[in-house]
Amino acid sequence: MTVFRDKDQFRKVGLKLQQTFRNIWSKGLNGKTQQEAADNLSKVRPWRGRPVILAGGALALLAIAGFGGHQYIKANTVEYYQVYKDGQAVGTVSEPELVEQMLEQMNEKVQQEHPDAVMVLEAGNITYTRESAFKSEPESEETLRKLESMIDAHATGVEVRVDGKLIGIAKNREAADNVLKQIKAQYAPESGLQQKKPLEVTALAYSGEGVNPSEEPQQQVLSVNFVEEVSTKAINIDPARVTDEEELYNRLVQGTTKPTQYTVQPGDCIGCIASKFDISPEVIYRNNDWIEDDFIKVGDVLDLTVLQPALTVETVENLTEAETIEPPVTIQKNPDMRAGESKVITPGKSGKKLVTYKLVKQNGFLMSEELVDEQIIEPAVPSIVMKGTKVILGEGSGNFRWPVTGARLTSKFGQRWGRLHKGIDLIGNKNIRAADNGVVEFVGTKNGMGKTIIIDHKNGYKTVYGHLSSYSVKKGEIVEKGDKIGIMGNTGHSTGTHLHFEIHKNGNVQNPMNYL
């Protein structure tokens, strides 16, 4: 038992015991658990090899010293995080936020270095485990440097291919889609991209007949598609290979303009040559303005040069326009009037109808047209004409029937490819019939029209039937409305078997759709 002389001696011994305990505890800990360290205390001899014998107040001091040591260890225990990349240990950091900040800085740096590309860091799967140790010092800076060296960056892009051929690589899908939309918008603009092009001027506008100036044609785009197969696919690339939007657009629309010349061969026609080279007849007319009335002859050299872009935009449109209906004529016979004399009893009144054509265009060039609908808005009022009974045989009534049974219109009257298409083109039953009573004025071959029949209706009207394969009438023969006069063919400057039909009034060409 130890007896202290006074309080000062007690306090000095207590402080010495506390310091000694801390040293012993630290030495005993030395990589062991606290329980193992406590077991070692009994083996330690801090004072010249003699055991420490404590009793009474000394034991209390030892307890105080033990509590202080525990607090000391707790205060000096450091938490840190072990960093792993794809399951591989990289090093330790004081907090995960350091790694996240480094990744963010790396991302900003590569984006600044490659502003025209979308850059992606290949950081892999980064995970953390939380650990702690006495007076540990995590190697944050070294760990971040090592991790940075293990991370690569690459660019992503969207390749644009046309019929399998690589045209360019857009920055992202949005950029690729934007370029493709701009190309379509040239021919069928969407809201906010481009204003619509003026409506096509129609046949009636050229003829100056049948259209109220306030009634403009109505155009409706039914579909807009690329003729070629267009594919877009996301890929990883070198950032130097990214194509900006303007360059990608130019590659797709500028194409090539390799000069092309063609010498007319026997049996050729404008439409036939256009089909052979897969171009619009408009190209031939524009490049060869010397062509008149579709007439070309063997040996003529045609310029067929046309811009061939990588992409072809095909639009299908409905064009609806108003057309007049010429008043039919009702004849009243008067035996007291001489043949050839006539008198209008009641003047007729023109009617009105809406006619809808389906137009197929490629890059703005008209490839085909077809009559798809016809609606009567205001029927025509017939005019009543009194004529003498000594009527000349073959005189027409002024009312015309379709020259083809089950007719389908494939090309309308009016300006077409910079020239006046003087009639309409029809397909259907191959038997061609007289549109009204009349006398056959011409049977034979005409330039561009091939085998042709002209009927004089003896009332100011004449009708023309072209591209026939054979005739059923002769010159001077009197025919009645509906009589068979020939067979539909493909002679002259024709593309495919069809009938070209014209109506002339007092020597002036008319729109047949105003009379049928």
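Using numbering that gives the first Met the number 0, you'd call the opening residue of the sequence shown number 0 and step up by one each time.
Every residue, glycine too, gets a C-beta built ideally from N, C-alpha and C.
Return the CA-CA distance between I295 and S493, expressed in angstroms with no decimal places.
Here residue 295 corresponds to residue number 296 of the sequence shown, with the count starting at 1. Here residue 493 corresponds to residue number 494 of the sequence shown, with the count starting at 1. Cα-Cα distance, rounded: 12 angstroms.
DSSP beta-bridge partners for R418?
One-based indexing of the sequence shown puts residue 418 at position 419. R418 is bridged to R415.
The stretch 295 to 306 / the stretch 263 to 272 touching (three or more Cβ pairs under 8 angstroms):
yes
Let me know if F133 comes out buried or exposed under the rule of 16 or more other beta-carbons within 10 Å of its beta-carbon.
Here residue 133 is taken as the residue at index 134 of the sequence shown, counted from 1. Per the 10 Å Cβ criterion, exposed.
Contact belief for G427 with R400 at Cβ below 8 angstroms, rounded distance in angstroms
What you label residue 427 is simply residue 428 of the sequence shown in a count that begins at 1. What you label residue 400 is simply residue 401 of the sequence shown in a count that begins at 1. About 13 angstroms; that fails the 8 angstroms criterion.
Going by the CB atoms, is the gap between L102 and A169 shorter than 8 angstroms?
Taking the sequence shown and counting its residues from 1, the one referred to as residue 169 is at position 170. Taking the sequence shown and counting its residues from 1, the one referred to as residue 102 is at position 103. Not in contact: A169 and L102 (Cβ atoms no closer than 8 angstroms).
Could you check whether the stretch 227 to 242 touches the stretch 151 to 162, counting it as contact only if at least three pairs of C-beta atoms, one from each stretch, sit closer than 8 angstroms?
yes
Cutting at 7 angstroms between CB atoms, please list the residues of its own chain near E110, excluding the five before and the five after it.
The residue labelled residue 110 in the question sits at position 111 within the sequence shown. First, the residue type needs correcting, since residue 110 is Gln and not Glu in the sequence shown. Around Q110: M118.
At the level of alpha carbons, what is the spacing between T522 and V92?
As displayed, the chain neither begins before 0 nor continues past 515, which places residue 522 out of reach and without an answer.
Assign L165 to one of two classes, buried (16 or more other C-beta atoms within 10 Å of its C-beta) or exposed (fewer than that).
For the purposes of this step, residue 165 is identified with residue 166 of the sequence shown, where counting begins at 1. Answer is exposed; the Cβ neighbour count stays below 16.
Taking the alpha-carbon of G413 as reference, which of Q218, G397 and Y356 has the nearest alpha-carbon?
On the sequence shown, residue 413 is found 414 positions in, with the first residue counted as 1. Looking at the Cα atoms, Y356 is the closest of the given residues.
Keeping to the same chain, check which residues put their C-beta closer than 6 angstroms to that of P402; ignore five residues upstream and five downstream.
Translated into positions along the sequence shown, residue 402 becomes position 403. Excluding sequence neighbours, P402 sits near I431, R432, A434 and F500.
Boundaries of the beta strand (DSSP E) in which I453 is found, first to last residue:
Translated into positions along the sequence shown, residue 453 becomes position 454. It spans G449 to D455 - the beta strand (DSSP E) in which I453 sits, taken as one unbroken run.
Within 8 angstroms, strictly: CB atoms of Q219 and E316:
As a working mapping, residue 219 is identified with position 220 in the sequence shown. As a working mapping, residue 316 is identified with position 317 in the sequence shown. Result yes, Cβ atoms of Q219 and E316 sit closer than 8 angstroms.
In DSSP terms, what N224 is bridged to:
Residue 224 sits at position 225 when you count from the first residue of the sequence shown. Bridge partners of N224: E313.
Run through DSSP, which three-state label would I72 get?
Against the sequence shown, residue 72 aligns to sequence position 73. DSSP places I72 in helix when its eight states are reduced to three.
Under 8 angstroms by Cβ, that's how I've got K457 and G437 pegged, so tell me the actual separation to the nearest angstrom.
Counting from one through the sequence shown, the residue named residue 457 turns up at place 458. Counting from one through the sequence shown, the residue named residue 437 turns up at place 438. That belief holds up - the Cβ atoms of K457 and G437 are roughly 6 angstroms apart, short of 8 angstroms.
Note the first and the last residue of the continuous beta strand (DSSP E) segment covering N489.
Here the question's residue 489 lines up with position 490 in the sequence shown. That residue, N489, is in no beta strand (DSSP E); it is neither H nor E in DSSP.
Reduced DSSP category for K145 - H, G, I as helix; E, B as strand; rest coil:
Stepping through the sequence shown from its first residue, residue 145 is reached at position 146. It is helical.
Select from T345, L310, G347 and K483 the residue whose C-alpha is nearest the C-alpha of G163.
As a first step, residue 163 must be located in the sequence shown, where it is residue number 164. Per the Cα distances, L310.
Determine, using beta carbons only, whether S469 and G485 come nearer to each other than 8 angstroms.
Residue mapping note: residue 469 aligns to position 470 of the sequence shown, counting from 1. Residue mapping note: residue 485 aligns to position 486 of the sequence shown, counting from 1. Cβ distance < 8 angstroms, so S469 and G485 count as in contact.
If H466 and G491 are in contact, beta carbons under 8 angstroms, what's the gap, nearest whole angstrom?
Residue mapping note: residue 466 aligns to position 467 of the sequence shown, counting from 1. Residue mapping note: residue 491 aligns to position 492 of the sequence shown, counting from 1. Correct: roughly 5 angstroms between the Cβ atoms.
Can you look up I290 in the DSSP assignment and give me helix, strand or coil?
Looking up residue 290 in the sequence shown gives position 291. Three-state DSSP puts I290 in coil, outside helix and strand.
Got a sec, what are the start and stop residues for the beta strand (DSSP E) Q374 sits in?
Your numbering for residue 374 matches position 375 in the sequence shown. Its beta strand (DSSP E) spans residues F364 to E377.
Proximity below 8 angstroms, CB of V359 to CB of E320:
Reading the sequence shown from its first residue, position 360 is the one you call residue 359. Reading the sequence shown from its first residue, position 321 is the one you call residue 320. It is not a contact, given that the beta carbons lie outside the stated cut-off.
On the DSSP bridge assignment, give the partners of H497 in chain order.
Locating residue 497 in the sequence shown gives position 498, where the first residue counts as 1. The partner list for H497 (beta bridge, DSSP) reads G488.
Among the candidates A187, Y514, G363 and I383, whose CA atom is the shortest distance from the CA of S524?
Since the displayed the chain opens at 0 and closes at 515, residue 524 lies outside it and no answer follows.
Residue interval of the alpha helix (DSSP H) (run including L303)
Locating residue 303 in the sequence shown gives position 304, where the first residue counts as 1. That residue, L303, is in no alpha helix (DSSP H); it is neither H nor E in DSSP.
State the start and end residues of the unbroken beta strand (DSSP E) segment that holds Q87.
Numbered from 1 along the sequence shown, position 88 holds the residue referred to as residue 87. Looking at the DSSP string, the run of the beta strand (DSSP E) that includes Q87 is Q87 to V92.
When you compare only the Cα positions, how much space is there between K461 and Q181?
Stepping through the sequence shown from its first residue, residue 461 is reached at position 462. Stepping through the sequence shown from its first residue, residue 181 is reached at position 182. The straight-line gap from Cα to Cα measures roughly 49 angstroms.
Between P137 and Y79, how many whole angstroms is the CB-CB distance? I'm expecting something under 8 angstroms.
Position 138 of the sequence shown, counted from the start, is the residue given in the question as residue 137. Position 80 of the sequence shown, counted from the start, is the residue given in the question as residue 79. With 8 angstroms as the limit, P137 and Y79 qualify as a contact, their Cβ atoms being about 4 angstroms apart.
Just the C-alpha distance for S230 and V252, rounded to the nearest angstrom, thanks.
As a position in the sequence shown, residue 230 is number 231, starting the count at 1. As a position in the sequence shown, residue 252 is number 253, starting the count at 1. Answer to the nearest angstrom: the Cα atoms are 16 angstroms apart.
Taking only three categories from DSSP, how would you classify R400?
As a position in the sequence shown, residue 400 is number 401, starting the count at 1. Looking at R400 - three-state DSSP - the assignment turns out to be coil, as it is neither helix nor strand.
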